[in-house]
Each structure stands twice: as C-alpha cells, then as structure tokens.
Amino acid sequence: MREILERLSPLMKGYAEKQGEDLAQKNWDPYNLHPVLMSFWQNSFQNPQNFMNLQMEYWQNMALLVHEMGRRFMGDEHGKDIAESDKGDRRFRDPLWKENMVFDFLRQSYLLTSEWMKKSIHNTKGLKQQDKARLDFYTRQFVDAIAPSNFAMTNPEVIRETINSHGQNLLKGLENLAEDLERGKGELEISKTNYQAFKVGKNLALTPGDVIFENELLQLIQYAPSTKEVYKTPLLIVSPWINKYYILDLRPDNSFVKWAVDQGHTVFIISWVNPDKKLSQKTFTDYIEEGLFEAMDAVTKATGEKKMNVIGYCIGGTLLTAAMAYISSAGLENKIASATLLTTLIDFSDAGDLSIFVDDEQLKFLDEKMGIKGYLEGS
C-alpha cells in the first residue's frame with residue numbers, strides 16, 4: 000500500500016498541474032456548452048408550467064418510493080418497484096440491487112432522477128434541435144457517470160469482492176490508476192486492453208507482406224500471393240488514419256486481408272504514419288494527393304496495371320469518396336476501376352453524435368489546441 004501511494008503521489012501532482020495548465024489557457028468551455036445551457040434555462044423559465052409538471056412528477060415518484068421502502072422496512076414483502084431498469088442494463092444485475100433495501104433504494108432513486116433529467120431536456124420547448132441533441136448527449140454522459148454502480152461504497156459487487164479479497168481488489172485498482180497516469184504522462188489515459196497481449200507479426204497482422212513504397216504520410220504494403228494465379232486488377236485498401244492498417248488483418252481466422260489474398264487478389268494497403276509537428280501544415284488535400292494518389296501510382300508501378308479496385312474503410316472511405324470527386328472535377332486520369340466503402344459516412348447532413356462536437360467555437364478550440372503540437376491527440 001505504501002509503495003503504491005508513493006508511486007501515485009508525484010503522478011497525481013502532475014495530473015493536478017496539467018489541469019491547472021488547461022485552466023491557465025482559458026479552456027473553460029472547450030465544448031461550447033455555456034450558450035446551450037443558457038438557452039435551456041431561458042426556455043425553462045419562459046415555460047414554467049412544463050418545468051413544474053416534471054418537478055411534481057419527480058417528487059411524487061420519490062414520495063412513492065419512500066413509501067414503498069417504508070412498507071418493506073415494516074416487513075411487507077409485497078411492495079412494488081416504482082422504477083425499473085431495462086432488462087439489458089448490466090449495471091444492476093447483481094441480486095442485491097433488489098434484495099437489499101438500501102441498494103434497492105439507491106437503484107430506484109437513481110433511475111427516477113436520471114429519467115427526470117433526461118425528460119427535462121426532451122420536453123423543453125423552444126430549443127433548437129441541435130442544442131437539444133447536444134444537451135441530451137452530455138446529460139446522458141453525466142447520468143451514466145453518477146450511477147451508484149460506479150462507486151465502490153455503493154456497489155454491492157465491489158463491496159463483496161473487497162471483503163472476499165481483503166481489500167486486494169482496491170489495491171489493484173490503485174495500481175491500474177498509477178499505470179494509466181504514467182502512460183498518459185500527466186493525463187488520465189484509461190487502458191481498455193492488455194497492452195502486452197498483442198504484438199504485430201506474432202499474434203496480430205500475420206498475413207505476409209512487404210513495404211514497397213513510403214513517403215512522409217504513409218507506407219504502402221503489398222501482400223504476398225497465396226494462389227497460383229491472381230486476378231489482373233490489383234486491390235488497394237485505404238485504411239483510416241485513426242486506426243492501424245491491421246484493423247483488417249487482426250487474426251488469420253477473421254482477417255479480411257488474408258481472405259482477399261486467398262481469393263486471388265493482389266492486395267495493397269496504406270499504413271498511415273503517426274503525425275508529428277513536421278506534418279502540421281499537411282491538409283486533407285495533401286492526404287489525397289501525396290497519400291492516396293501516390294499510393295495508386297506505386298500500385299501501378301508494382302503491377303503494371305493502370306486500373307485498380309479500391310476499398311475505403313471508415314474515414315479512409317471518406318478520403319476515397321472525396322478523391323473520386325476531385326478526380327472528376329479536375330479532369331485527372333481515373334485509375335479507380337471500382338470503389339467499395341466499408342463503415343463510411345458520406346452524407347454529413349445528419350452525422351449523429353458526431354455533429355455534437357462540430358460548431359464554430361469547438362473547431363476554433365481544436366485549431367488552437369492543434370497549433371500547440373501541430374496535431375490532435377487521438378485519445
């Protein structure tokens with residue numbers, strides 16, 4: 000315990016200093032929520048009846064809950080739930096959430112409160128649809144964060160494990176916290192996987208291939224054929240620069256790359272470099288011209304074929320779509336025989352939750368943040 004605390008002390012100090020630096024840079028509202036919240040409260044005060052109705056409904060339900068808990072306390076086993084979680088809600092799957100009166104009260108009062116908060120957003124009149132969507136998104140994040148299952152002292156599973164392990168689970172949690180702070184170098188970078196479990200070339204990205212071309216933005220990998228004959232037209236895969244190229248070559252049994260090679264395709268894939276400050280002036284157009292177009296030229300040079308089938312995955316598909324429009328409008332030679340898009344967003348008129356993070360103020364904040372290092376951190 001002492002060793003862990005000694006390890007955590009400088010890390011927590013660094014974390015606090017980093018938060019102070021962010022405040023010093025006046026990043027008080029990076030998500031530009033203040034005007035949206037002001038609009039919400041203004042509309043609530045202009046329509047007080049709606050707000051009061053929700054308040055009354057909430058307090059009536061809370062009063063019913065207290066009444067039912069009182070009946071249970073007096074020995075009545077036939078009480079009913081005032082609030083019930085969805086069947087798929089894994090947070091409250093432990094039997095004690097219902098069997099124990101204290102945990103049951105926490106569960107139901109939380110569900111009533113979270114439902115009241117979400118209804119307050121949904122039922123507000125006069126809000127722009129975009130503002131309502133943003134408030135709804137952040138309200139859901141807040142509501143999920145304050146669930147009693149997220150806190151050790153109000154989670155029966157954690158309490159049970161703490162007793163059974165004599166507190167070793169809490170010590171392990173502190174160790175994980177220390178590792179996350181060390182990995183984030185002063186920021187909390189929560190691990191979601193075992194970083195030692197996978198290694199490229201050993202149990203990840205096992206399809207044989209070689210880098211045949213590279214420039215500032217990318218490396219182009221050509222995979223070795225596994226069939227006696229191959230199709231004439233090569234296949235180029237444009238991977239996203241948010242993920243690694245081997246997102247399509249994870250394991251032999253689920254690798255799209257291996258499957259395509261085994262079907263007789265000559266497969267190439269773009270592996271984008273992790274950018275640093277020297278690439279800070281590169282634009283989306285550069286990623287088309289120096290990225291996709293130069294990769295296509297390299298495929299032509301390697302195979303002798305001017306036409307190729309191209310697959311775009313995720314934002315790589317967005318890049319491919321923009322490149323096709325660019326080729327058409329500029330009257331350039333079209334080397335794309337066919338284009339296939341996987342999990343690609345093309346119509347951004349309704350971008351879902353993505354649109355919540357896109358407005359003038361947030362984009363300005365991102366530009367300023369990228370101006371410091373020349374790029375935006377991926378996590």
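Read in order, the letters of the sequence shown are residues 0 to 378 in numbering that gives the first Met the number 0.
Don't be surprised by glycine CBs; every beta carbon is placed ideally from N, CA and C.
All figures in this text were calculated on a predicted structure; none of them were measured in a lab.
Spatial distance of Asn168 from Arg6 (CA atoms)
Residue numbering aside, residue 168 sits at position 169 when the sequence shown is read from its first letter. Residue numbering aside, residue 6 sits at position 7 when the sequence shown is read from its first letter. So the alpha carbons of these two residues sit roughly 18 Å apart.
Quick check: the Cα distance between Ser119 and Asp135, rounded to an integer number of angstroms?
Here residue 119 refers to the residue found at position 120 of the sequence shown. Here residue 135 refers to the residue found at position 136 of the sequence shown. Roughly 9 Å between the two C-alpha positions.
Assuming Val237 and Leu319 are in contact, meaning their beta carbons sit under 8 Å apart, how far apart are those beta carbons, in whole angstroms?
Stepping through the sequence shown from its first residue, residue 237 is reached at position 238. Stepping through the sequence shown from its first residue, residue 319 is reached at position 320. Right, the Cβ-Cβ distance comes to about 5 Å (below 8 Å), so this counts as a contact.
Which residue marks the beginning of the beta strand (DSSP E) containing Thr302, and which one marks its end?
Taking the first residue of the sequence shown as position 1, residue 302 is located at position 303. Here Thr302 belongs to no beta strand (DSSP E); instead the alpha helix (DSSP H) covers 293–302.
Counting C-beta neighbours from all protein chains within 10 Å, is the total for Lys198 16 or more, i.e. buried, or is it exposed?
Start at 1 with the first residue of the sequence shown, and residue 198 comes out as number 199. Lys198 is exposed by the Cβ-count criterion.
Tyr312 - DSSP class collapsed to helix/strand/coil:
In the sequence shown, the residue the question calls residue 312 occupies position 313. The answer is strand: DSSP assigns Tyr312 an E or B state.
So, are the CB atoms of Lys276 and Lys305 less than 9 Å apart?
Residue 276 sits at position 277 when you count from the first residue of the sequence shown. Residue 305 sits at position 306 when you count from the first residue of the sequence shown. The beta carbons of Lys276 and Lys305 sit no closer together than 9 Å.
Does at least one heavy atom of the ligand FAD sit under 8 Å from the Cβ of Lys127?
In terms of ligand content, the structure shown is empty, and the ligand FAD therefore cannot be addressed.
Buried versus exposed call for Ile268 [16 or more other C-beta atoms within 10 Å across all chains shown]:
Residue 268 sits at position 269 when you count from the first residue of the sequence shown. Ile268 comes out buried.
In the DSSP assignment, what residue or residues form a beta bridge with Ile268?
The residue labelled residue 268 in the question sits at position 269 within the sequence shown. Ile220, Ile236.
9 Å Cβ cutoff met for Ala350 and Met307
Counted from its first residue, the sequence shown places residue 350 at position 351. Counted from its first residue, the sequence shown places residue 307 at position 308. Result no, Cβ atoms of Ala350 and Met307 do not sit closer than 9 Å.
My output table needs one value for Glu213: the three-state DSSP class, helix, strand or coil.
In the sequence shown, counting from the first residue as 1, residue 213 sits at position 214. DSSP places Glu213 in strand when its eight states are reduced to three.
How would you label Val272, buried or exposed, when you count the other beta carbons within 10 angstroms and need 16 or more for buried?
Counting from one through the sequence shown, the residue named residue 272 turns up at place 273. Within a 10 Å sphere around the beta-carbon of Val272 sit fewer than 16 other beta-carbons, which makes this residue exposed.
How long is the line joining the alpha carbons of Thr282 and Tyr325, rounded to whole angstroms?
Sequence index remark: in the sequence shown, residue 282 carries index 283 (1-based). Sequence index remark: in the sequence shown, residue 325 carries index 326 (1-based). Computed Cα separation, rounded: 14 Å.
Is Glu174 near Leu10, with beta carbons less than 9 Å apart?
Along the sequence shown, one-based indexing puts residue 174 at 175. Along the sequence shown, one-based indexing puts residue 10 at 11. In this structure, Leu10 does not lie closer than 9 Å to Glu174 by Cβ.
Euclidean distance between Cα positions of Pro233 and Gln280
In the sequence shown, the residue the question calls residue 233 occupies position 234. In the sequence shown, the residue the question calls residue 280 occupies position 281. For Pro233 and Gln280, the distance between alpha carbons rounds to 32 Å.
Kindly indicate which residue of Glu67, Glu83, Ala82 has the alpha-carbon position closest to the one of Glu76.
The residue you call residue 76 lines up with position 77 of the sequence shown. Cα-wise, what sits closest to Glu76 is Glu67.
Whether or not the segment 88–99 and the segment 150–168 are in contact is what I'm after, with contact meaning three or more pairs of Cβ atoms, one per stretch, closer than 8 Å; do they touch?
yes
Minimum C-alpha distance to Gln59 - residue among Phe72, Trp40, Val357, Leu111:
Position 60 of the sequence shown holds residue 59. Looking at the Cα atoms, Leu111 is the closest of the given residues.
Pick helix, strand or coil for Glu203, following the three-state DSSP scheme.
Counting from one through the sequence shown, the residue named residue 203 turns up at place 204. In the sequence on display, residue 203 carries Leu and not Glu. Three-state result, Leu203: strand.
For Asp209, which of Gln218, Lys201, Leu203, Asn202 has the nearest alpha-carbon?
Numbered from its first residue, the sequence shown carries residue 209 at position 210. The candidate whose alpha carbon is nearest that of Asp209 is Gln218.
Beta carbon of Ile246 nearer than 9 Å to that of Tyr312:
Locating residue 246 in the sequence shown gives position 247, counting from the first residue. Locating residue 312 in the sequence shown gives position 313, counting from the first residue. Yes, they are a contact pair.
C-alpha gap between Ala329 and Glu228, whole angstroms:
For this step, residue 329 is matched to residue 330 along the sequence shown. For this step, residue 228 is matched to residue 229 along the sequence shown. The straight-line gap from Cα to Cα measures roughly 36 Å.
Contacts around Val298, its chain only, beta-carbon distance under 7 Å, and the 5 residues preceding and following it disregarded
As a working note, residue 298 is residue 299 in the sequence shown. So the list reads Pro233, Leu235, Phe267, Met307, once near-sequence residues are dropped.
Should Pro34 go down as buried or exposed, given a rule of 16 or more other Cβ atoms within 10 Å for buried?
Counted from its first residue, the sequence shown places residue 34 at position 35. Pro34 comes out exposed.
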